[in-house]
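Numbering-wise (full-length UniProt numbering), the sequence shown opens with residue 1 and increments by one.
The C-beta atom is built at its ideal place from N, Cα and C for all residues, glycine as well.
Comments concern the structure below.
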Amino acid sequence: MTSQEFVVEDTIQHSARQFARTTLVSFGQLTSALRMPPSFIIAGAQRCATTSLFRMLSRHPQVRQPTLNKGIHFFDTAERFSRGASFYAGHFPLRLPWNDRRISGEASPYYLFHPLAMQRIAQTAPQAQVIVLLRDPVERAFSAYKQEKGRGFETLGFEEALASEEERLTGEEAKIIADPEYQSFAHQHFGYVARGHYTYQLERANKALAPGKLTVLDADAFFNPGLEGWDALLGQIGLDPWRPQEIIRSNARPGDPMPEHLRASLEAEFHGENSQLSEYLGFIPSWLK
1 MTSQEFVVED
11 TIQHSARQFA
21 RTTLVSFGQL
31 TSALRMPPSF
41 IIAGAQRCAT
51 TSLFRMLSRH
61 PQVRQPTLNK
71 GIHFFDTAER
81 FSRGASFYAG
91 HFPLRLPWND
101 RRISGEASPY
111 YLFHPLAMQR
121 IAQTAPQAQV
131 IVLLRDPVER
141 AFSAYKQEKG
151 RGFETLGFEE
161 ALASEEERLT
171 GEEAKIIADP
181 EYQSFAHQHF
191 GYVARGHYTY
201 QLERANKALA
211 PGKLTVLDAD
221 AFFNPGLEGW
231 DALLGQIGLD
241 PWRPQEIIRS
251 NARPGDPMPE
261 HLRASLEAEF
271 HGENSQLSEY
281 LGFIPSWLK
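Put into structure tokens, the structure is as follows:
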């Protein structure tokens, strides 16, 4: 096959995939009233094992996955949210007979950090249990940087990216709140430190959601050999007791270790936040033990 033929074939395949996707979305929206609403929404935090948890829950015999992707990004994307609740509902499986107890859910880790997502969830999917996983914010920051770098969204070195974060993010949250149609690339992709300030994000989520609708998990403590908290989580989202055959840890980002002087700087940055978080949660997170 010549290079020109390869390009033509690749273009045709891409067009076919796009057509199939558009058709599925359109059909889903037309049949939205027949779709099962999400029972759980994994809302963040980014790079805190959200994909791992979704994949483990998806293996439960009572769980059915969304029709296209695990992350629908309805509540954090202006264009998608503007298409209405039927567009969101159309991404979930068709309801089965009334005596079938299977459920569905999704995982979009930008929801926690997006300033409008939680109140949108409360309005559109009030039945859903919102699940948030947390990890050491220092490790999370570096992991997020490696992801953005690997995806081609970040062009700066880690130290320069940290130094540029305040300038990149200044005013972006206010713009999102003021203009629901505004989409901030910087807010979504460059919040390496900001996303690790968990306490105010959890306070915002608790304020928006109905009592008892937010579950917060310490990712490193949760993904231990005993899966502490697993059975309680299943009960919260309406699933029968069940154990996965293996603990899944997905999307690890290999690469050079974090420079020690940057680690020390981030540890100092998060010192006060970690104290606030411990008080807010009522327990000491695993990364502080």
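If you draw a 10 Å sphere on the C-beta of Ala178, you find fewer than 16 other C-beta atoms in it, and that means exposed. Between the segment 185-198 and the segment 132-139 there are three or more C-beta pairs closer than 8 Å, enough to call the two in contact.
Contact between His187 and Glu166 does not hold, since the beta-carbon distance rounds to 13 Å and is not under 8 Å. With fewer than 16 other beta carbons inside 10 angstroms of its own, Trp98 counts as exposed. When only Cα atoms are considered, Thr155 and Thr50 end up about 25 Å apart.
Looking from the CA of Gly235, the closest CA among Ser52, Phe113 and His60 belongs to His60.
With a beta-carbon spacing of about 11 Å, Ala208 and Tyr111 fall beyond the 8 Å limit used to define contacts. If one requires a minimum length of 4 residues, the alpha helix (DSSP H) runs lying completely within the segment 59-118 are 78-81 and 85-89, in chain order.
Cβ contact annotation for Ala85 (same chain, cutoff 8 Å, sequence separation greater than five): Ser32 and Thr124, in chain order. The three-state reading of DSSP puts Ala43 in strand, counting E and B together. Beta-bridge analysis with DSSP links Leu214 to Val130.
Straight through space, the alpha carbons of Leu116 and Arg204 are spaced by roughly 9 Å. Counting along the chain, Gly152 sits inside no alpha helix (DSSP H), nor does DSSP assign it H or E at all. If you look at Lys175, you'll find it in the alpha helix (DSSP H) that goes Glu172 to Ala178.
Taking the C-beta atoms as reference points, Pro93 is found nearer than 9 Å to Thr67. Where Arg204 is concerned, the enclosing alpha helix (DSSP H) starts and stops at Tyr198 to Ala208.
Look at Arg249 here: in three-state DSSP terms it is coil, with no helix or strand label. Checking the DSSP bridge columns, you'll see Arg55 has no partner listed.
Arg35 is bridged by DSSP to Leu94.
Straight across, the Cα-Cα distance linking Gly71 with Phe113 is about 15 Å. Out of Ser58, Arg102, Gly272 and Tyr88, the CA that lies nearest to the CA of Glu246 is found in Ser58. In this structure, Ala163 is the residue among Ser108, Val130 and Ala163 with its C-alpha nearest to the C-alpha of Leu262. Rounded to the nearest angstrom, the gap between the Cα atoms of Ala210 and Leu277 is 21 Å.
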